[in-house]
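This note's numbering puts the first residue of the sequence shown at 101, with every later residue one more than the last. We put the CB at the ideal spot given by N, CA and C, even for glycine. These figures come from a predicted structure and were not determined experimentally. To keep things clear, I will list the structure first and then write my remarks on it.
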Amino acid sequence: MVMVAKVILFGEHAVVYGYRAISMAINLNTSVKVEKADKFIIYSENLNKTLVSDNLECNDRDFSYIINTLKIFFNNFNIEPEYLKLSIYSEIPVSCGLGSSASVIIETLKSLSNFYNIELDKNDIFKLAYEVERITQGKASITDTATITYGGVLEIKDNKFRKLNDLNDFIKECDFLIAYVEKRNKKTADLVKEVSNLDYKDEIFKEIDKIAKEAIKVNDKKEFGELLLKNHELLKKLNISTNKIDKVIDIAKKYSYGAKITGAGGGGCVIILLNDNWKELIKRIKNHVISLYPCKVIL
Ligand code: PMV
């Protein structure tokens with residue numbers, strides 16, 4: 101069982117243009133059970149959906165990541181495809197920037213490797229998972245697969261990553277809350293495109309990059325929270341926030357160290373760094389959100 105999803109702490113959108121982003125692996129649960137079957141059966145508790153098929157050439161949007169994971173796994177290890185049932189349980193809400201696809205791909209790879217007694221190290225998992233994302237999406241950044249495979253806090257730049265081990269020591273003392281505020285009304289690719297049309301985007305990206313650079317050296321929760329808020333203000337200027345998200349952030353400003361939208365935007369989730377007022381915070385935001393997930397970094 102993996103217990104990992106990802107959040108972007110700093111630098112979404114700027115990272116698309118070669119500036120740095122800082123991502124963090126968090127403890128939200130995903131598990132995939134593999135067993136023999138007499139068809140290919142994929143069941144997702146989250147989606148409340150089952151796919152039954154004679155082969156892996158079926159086109160199912162919801163399960164395309166899983167189908168491609170199976171194909172790439174069988175192909176990579178020269179295994180003759182055989183009927184299997186995969187049961188997926190995940191507490192990560194889908195399509196809201198928390199890396200649910202990468203988490204399910206990685207857990208499926210781990211469960212398949214256990215089932216077939218194949219040893220995979222982190223580098224193998226990262227390579228295969230990235231390949232699945234790339235084939236399924238056409239184009240993918242390494243952010244989700246790297247963060248969920250290697251854990252901790254990562255700097256992503258030019259589609260390469262490095263672990264921020266110094267920041268790990270600080271972050272592991274932090275308690276976060278993910279507020280899933282509203283369903284996203286647009287896809288990541290559409291939001292990236294909209295931002296690309298802004299003629300002032302480079303100015304904003306440079307500011308965001310400065311904040312991310314500062315955050316790497318921070319050792320104080322208050323300062324870290326202020327940097328989250330500053331990054332959010334800049335993301336607002338890129339028009340990727342929403343009224344509902346801003347409402348939650350306004351409340352979080354009073355009852356936490358700081359907060360920002362995380363991921364591509366257009367709705368989705370807010371990441372909040374908790375302080376001692378967390379009970380009051382939860383009381384005040386619970387009517388403005390779909391769900392709340394207390395979380396910590398996974399190292
Ligand atoms: O798709 P999300 O919400 O995990 O966010 C992606 C972050 C972006 O910077 C907007 C896009 C990217 O590929 O890095």
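- From the listed residues Ala279, Gly111, Leu184 and Phe177, the smallest Cα separation to Asn259 is found for Gly111.
- Burial check for Ser211: the Cβ neighbour count within 10 Å reaches 16 or more, so the residue is buried.
- The Cβ atoms of Val104 and Asn127 sit closer than 8 Å to each other.
- With a cutoff of 7 Å, Gly197 counts as near the ligand PMV, since its C-beta is closer than that to a heavy atom of the ligand.
- Distances from the CA of Ile172 to each of Leu198, Ser213 and Thr249 were compared; the closest alpha carbon is that of Ser213.
- In this structure, the alpha-carbon of Lys149 lies about 28 Å from that of Thr362.
- With 16 or more neighbouring CB atoms inside 10 Å of its own CB, Pro193 falls in the buried class.
- Not one heavy atom of the ligand PMV lies closer than 7 Å to the C-beta of Glu307.
- A distance below 8 Å separates the beta carbons of Thr249 and Ile225.
- Placement of the Cβ of Ala364 at a distance of less than 7 Å from at least one heavy atom of the ligand PMV is found.
- DSSP places Gly325 inside the alpha helix (DSSP H), whose first and last residues are Lys321 to Lys337.
- By the neighbour-count criterion, in which 16 or more other beta carbons inside 10 Å mark a residue as buried, Val132 falls on the buried side.
- Taken through DSSP and simplified to helix, strand or coil, Val348 comes out as helix.
- Listed in chain order, the non-local C-beta contacts of Ser201 below 6 Å within the same chain comprise Tyr165, local neighbours out to five positions each way being set aside.
- Rounded to whole angstroms, the Cβ separation of Asn331 and Ile345 is 13 Å, and the two are not in contact under 8 Å.
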